[in-house]
Amino acid sequence: SCFTLRDGSDVTLVSWGGALQDVQAASDLLAQEGVMAEVIDVATLKPLDMNTILASVAKTGRCVIVHEGSRTGGVGAEIAANIAERGLYSLLTPVQRVTGYDVVVPLYRLENQYMPGTERIVAAVRQALEAS
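Numbering-wise, the working numbering comes out as the position in the sequence shown, counting from 1, plus 329.
Laid out in structure tokens, this is it:
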């Protein structure tokens, strides 16, 4: 089941695990700019609680999915596909994904360049807001 960590009306941020720390930091920065992000913690990938995610997307009209895995074949792509199948008409803009890159996860000293990070999350939200 999913948990709503922060209520918002402008964009839905969907994440889980370690990426949630950066998502919450990004939502704090966005709030300072007047952007109210709803933060959803997926909590369990199986079963995946799409009803909570779809309800949030219906409210905000925008979705940014953030996870640490690679972009291609990641769980974020599965969530985006579910939103397209079951909630397409709720979207004001395309779903954005902020993920690791499609490369082998680098050694520790370069790992921070691989991870999504607060700046990339904020940039994806801004792109979603500008697209409408």
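We put the beta carbon where it would ideally sit given N, CA and C, even for glycine.
Just so we're clear, the structure is a prediction, and the values are computed from it rather than from any experiment.
Query: Which residues bound the beta strand (DSSP E) around Glu403?; Result: Sequence check: residue 403 is Gly here, not Glu. Unbroken run through Gly403: none, as it is neither H nor E.
Query: What is the rounded straight-line gap between the Cα of Gly346 and the Cα of Glu440?; Result: 16 Å
Query: For Arg415, which residues in the same chain have their Cβ closer than 8 Å to its Cβ, ignoring the five residues on either side in sequence?; Result: Met379, Leu383
Query: What three-state label does DSSP hand Ser330 in the structure shown?; Result: coil
Query: May I ask you to report which of helix, strand or coil DSSP gives Val352?; Result: helix
Query: For Pro445, count neighbouring Cβ atoms within 10 angstroms of its own Cβ and tell me buried if that reaches 16, exposed if not.; Result: buried
Query: Where do the ends of the beta strand (DSSP E) carrying Thr381 lie?; Result: Taken as a continuous stretch (DSSP letters only), Thr381 belongs to no beta strand (DSSP E), being part of the alpha helix (DSSP H) at 379 to 389.
Query: Rounding to the nearest angstrom, what Cα-Cα distance links Glu448 and Pro376 in this structure?; Result: 30 Å
Query: Following the continuous alpha helix (DSSP H) through Leu458, name the residue where it begins and the one where it ends.; Result: 446 to 459
Query: Apart from the five residues just before and just after Thr381, which ones in its own chain have a Cβ nearer than 6 Å to its Cβ?; Result: Cys331
Query: Output needed for Ala409: all residues of its chain with C-beta closer than 7 Å, excluding positions within five of it in sequence on either side, in chain order.; Result: Ile394, Val424, Arg426
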